[in-house]
């Protein structure tokens, strides 16, 4: 049976730093690539202040800089963002936590992001939640 997003979020993984021996996903050979964990990506999303937003690229750049790397892996980061967002959605839908308690993935994702299409939530909810926080 497949693991739930919450189970995937809480798996015991370690971060990695890899020097690339060939170009990969826009990162050049010889650059140091940071590979996060689902929990670390979740932590970074939680740090986005109320009423503010950031982009996936900005999040990846911050993680890379914080870990003294040239870039963060775009592939694993996207997967981990989806895991963190879906775990938050599941907690909300199951009544485990309220909107103010879950990971605020709407501060990172928009209705037009590819990751959003894979989530079990109406994509317009993200934009509405962001607008509520920004006072529109």
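Residue numbers (our numbering): -6 to 129. Heads up, the beta-carbon is just placed ideally off N, CA and C, and yes, glycines get one too.
query, result
"Span of the alpha helix (DSSP H) around residue 92", "Neither: residue 92 is in no alpha helix (DSSP H) and is coded neither H nor E."
"Closest by C-alpha distance to residue 116, when choosing among 124, 125, 105, 126", "105"
"Proximity to residue 74 [Cα-Cα], best of 127, 53, -6, 44", "53"
"Three-state class that DSSP yields for residue 130 in the structure shown", "Since the first residue of the chain shown is -6 and the last is 129, residue 130 is not available in this structure."
"From 20, 27, -6, 97, residue whose alpha carbon lies closest to that of residue 70", "27"
"Alpha helix (DSSP H) segments (min. 4 residues) lying fully within the stretch 70 to 127", "107 to 110, 116 to 127"
"Simplified DSSP assignment, three categories, for residue 0", "helix"
"Same chain, Cβ closer than 7 Å to residue -2, neighbours up to 5 away in sequence not counted", "76, 79, 80, 83"
"Proximity below 8 Å, CB of residue 24 to CB of residue 60", "no"
"For residue 21, three-class secondary structure by DSSP", "coil"
"Residue 13, DSSP secondary structure in three states", "coil"
"Residues near residue 39 in its chain [Cβ-Cβ closer than 8 Å; skip 5 each side]", "96, 97"
"Three-state class that DSSP yields for residue 52 in the structure shown", "helix"
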